[in-house]
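Sequence positions in the sequence shown follow my numbering and run 961 to 1488. Backbone N, C-alpha and C define an ideal beta-carbon position, used for all residues, glycine too. Structure first, commentary second.
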Amino acid sequence: MANFRDTILEGYPAKVFKNRKDHIVELEGEDNPIEANRRTVPGIITSRGCCYAGCKGVVLGPIKDIVLITHGPIGCGYYSWLTRRNKARPGSNGLDLIPYSFSTDMQESDIVFGGVNKLAKAIDEAVEIFHPRAVFITATCPVGLIGDDINAVAAAAQKRLGVQCVAFSCEGYKGVSQSAGHHIANNQFVKYIVGTGEERKMGKYPINILGEYNIGGDAWEIERILNKIGYDIVCTYTGDASVDDMRNANRAELSIVQCHRSINYIAEMIETKYGVRWMKINFIGLKGTMESLRNMAKFFGDPELIERTEQVIAEEFALIEDQFNAHKERLKGRTAALYVGGSRSHHYQILLNDLGISTILAGYEFGHREDYEGRKVLPFVKEDADSKNIESITVEPDEKNYHMYIPKEKAEELSKEMELDYYNGMFYDMKDGNVAIDDLNHYETEMLLEKLKPDIFFSGIKDKFVAQKNGTLSRQLHSYDYSGPYAGFNGALNFARDVDMGVHTPTWTLVEAPWKKNPMLVGEVLGG
Ligand code: CFM
Ligand code: HCA
């Protein structure tokens, strides 16, 4: 029988075959190159979003004390309004503007005659009513097409109103996915936000949490654990974030990076500009959480912190262990397929593994090659190698970057020594014979459900019901289906409970896919 990859590819006409063949990989051995971060075939039903979604919705969306204006027709603002479940509550300045959707609601006349006056008026109105700590303006496709100069509008408004106004030229059509939007947001942060904060007294072990967006309350659970250990959290980018805290990111000693895809740029830029070192961590899964906490303590190298970390790990684990194991007992041996943006398809394999569930297929919507294949980097290597935890390691540094590329064998040897295995891509946690698919489309989704028959399909809203109607349990790994948090110790238990309920609900005995009863018409590709 043809293998799964061939079975998928057989269904494609020649041109599509040529495009898709390198995006689908059956893993074998060490070296598994995959095509990623490329333009989607027009007409294929992709689950990807756009540049505006990555900038406005993902990176800027969770900041609670700014007015975030969508300059464009109302749909873009409306469909990115509260769908991501990035939770927030008012901070010390009392502001939480997350429930609002601000848009200039561009009409035909604005497209023809220009929308800058309407935008300026919208900024005036919003500042007068809401008194935000800053105004961020995001561009949608027509803004770039008609040439509205949002940077000039922002500069004039800032002068007029005395409130910081920053423009983000994240027109939806830029790049090939959300990923371009992340990069644009990161660039503006470094240019206009980081390093503009008021001096504040720093506590012990000051850190930034980067790439954590508080979906379903994840950041709150991570912060709870870190506070308990004794870290001073300077700011979070950008879950439940205050822009004024974000301004002080340069004052931390370490940035921990949860989602690498959306925020790696800023981690590196803050390090280059201000010398704040960064470390990739993962608070999804028990093993991930424990290892991350230990690596952080090791970075600071203080014996007191190392001891306190072990204490908190033991305490937290003891609180959930019995219940977690009870769920594990009911779940182990199941199989899963995962398809999420650019980070979770890797992280959740670690939590599933804690539960004895193996991942047979995984893919990213917009991950880059390094998110799959890994990027062999060594953190904290400076020319003078002054870091506390690498005294015994000498490596030739490259010209500029402390996070250097080094030979693979050397990287593996060193990362073993330092117990830092989070610089690996998703393939590191997958086995031979597992399948990886980049930018999975709906035809491929149906094929995977039919041929690989995973017990659970973890993905997003666009394919959820394809799986459910097929009789396969679906859980959303973007929004957590109204549940969460899933990060940290309590999050792992919530996840185990939700998956256990989903797998064992008696509903499945009552569901029969319509095509199991009645024959259906099957389309045929002509000229393929
Ligand atoms: Fe990072 Fe994210 Fe993800 Fe992402 Fe997203 Fe998201 Fe995601 Mo949806 S920032 S890459 S652009 S972890 S919104 S919180 S769930 S696709 S895997
Ligand atoms: C986005 C946001 C999204 C979409 C989720 C989904 C999110 O990419 O614009 O498709 O279910 O997490 O809210 O990724």
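* Compute the Euclidean distance between the alpha carbons of Lys1292 and Glu1404, then round it to the nearest angstrom. => C-alpha of Lys1292 to C-alpha of Glu1404: approximately 26 Å in a straight line.
* Asked: Buried or exposed: Tyr972, going by 16 or more other Cβ atoms within 10 Å of its Cβ?
  -> buried
* Excluding five sequence neighbours on each side, which residues of the same chain lie with their C-beta closer than 6 Å to the C-beta of Ile1416? -> Ala1296 and Leu1433
* When the Cβ atoms of the segment 1092-1099 are set against those of the segment 1123-1133, are three or more pairs found closer than 8 Å? -> yes
* To do: Quick one: which unbroken alpha helix (DSSP H) runs of 4-plus residues sit fully inside the segment 1205-1257? Chain order, please.
  => 1220-1234
* CA-to-CA distance, Ala1086 to Leu1186, given in whole angstroms -> 36 Å
* CB contact below 8 Å: Lys981 versus chain D -> Among the chains of the structure shown, chain D does not appear; only one protein chain is present.
* Please state whether DSSP places Gln1148 in a helix, a strand or coil. => Gln1148 falls in the helix class under three-state DSSP.
* **Ala1112 versus Val1103 - alpha carbon distance** => 13 Å
* To do: Starting from the C-beta of Val1076, find all residues in its chain whose C-beta is less than 7 Å away, skip the five residues before and the five after it, and write them out in chain order.
  => Asp1108, Asp1109 and Val1113
* Val1300 and His1438 closer than 8 Å at C-beta -> yes
* Asked: Beta carbon of Arg1435: closer than 7 Å to some heavy atom of the ligand HCA?
  -> no
* Evaluate the contact criterion for the segment 1013-1030 versus the segment 1042-1058: three or more CB pairs, one atom per stretch, below 8 Å. => yes
* Are the beta-carbon atoms belonging to Gln1436 and Gly1448 less than 8 Å from one another? -> no
* Asked: Got a sec? Which residues, its chain only, sit under 7 Å from Ile1310 by beta carbon, not counting five neighbours each side?
  -> Excluding sequence neighbours, Ile1310 sits near Asn1242, Ile1244, Gly1245, Lys1247, Gly1248 and Asp1389.
* Kindly indicate which three-state DSSP category Asp1344 falls into: helix, strand or coil? => Here Asp1344 scores only 36 on pLDDT, less than 50, and its place in the model is too uncertain to base an answer on.
* Asked: With DSSP run on the structure shown, which of helix, strand or coil describes His1031?
  -> strand
* So the beta strand (DSSP E) Arg1435 belongs to, where does it begin and stop? -> Leu1433 to Gln1436
* Helix or strand or just coil, what does DSSP make of Asp1314? -> helix
* Buried/exposed call for Asp966, threshold 16 Cβ in 10 Å -> exposed
* Is the beta carbon of Ile1144 within less than 7 Å of some heavy atom of the ligand HCA? -> no
* Kindly indicate which three-state DSSP category Asn1168 falls into: helix, strand or coil? => Strand at Asn1168.
* Among Ile1223, Asp1282, Glu988 and Arg1207, which one has its Cα closest to the Cα of Gly1393? -> Glu988
* Since Ser1419 is in the alpha helix (DSSP H), which residue starts that stretch and which ends it? -> From DSSP, Ser1419 is part of no alpha helix (DSSP H) but of the beta strand (DSSP E) over Ile1416 to Ser1419.
* Please name the residue, chosen from Gly1051, Gly1003 and Arg1294, that lies closest to Thr1196 on a Cα-to-Cα basis. => Closest by alpha carbon: Gly1051.
* Asked: Is Glu1325 near the ligand CFM, in the sense that its beta carbon is under 7 Å from a heavy atom of that ligand?
  -> yes
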